[in-house]
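Numbering of the sequence shown is given in this note's numbering, commencing with residue 63 and proceeding in unit increments. See structure below.
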Amino acid sequence: MEADRRMRESGRASKVWHPTSNHSSLTYEAPRTTRTKAIRPA
Numbered sequence: 063m064e065a066d067r068r069m070r071e072s073g074r075a076s077k078v079w080h081p082t083s084n085h086s087s088l089t090y091e092a093p094r095t096t097r098t099k100a101i102r103p104a
């Protein structure tokens with residue numbers, strides 16, 4: 063994901079309520095994504 067890549071490059075961890083030690087060192091797993099579909103105009 064683009065946002066995850068930018069946060070890791072800038073050294074900024076994601077905002078979570080209960081961060082783990084992995085968040086401060088930026089070694090957490092990349093977020094899962096699903097297949098996307100185009101949005102049709104109404």
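Each residue gets a CB set at the ideal place from its N, CA and C atoms; glycine is no exception. All of these numbers come straight from a predicted model, not from anything done at the bench.
Three or more Cβ pairs drawn from the region 66-73 and the region 86-99 lie within less than 8 Å of each other, which places the two stretches in contact. Nearest to residue 64 by alpha-carbon distance, out of 102, 82, 81, 94, is 94. Put simply, the backbone Cα of residue 83 is about 35 Å away from that of residue 99.
In terms of Cα proximity to residue 68, the closest of 92, 78, 80, 79 is 92. In the structure shown, residue 69 falls within a helical segment according to DSSP collapsed to helix, strand and coil.
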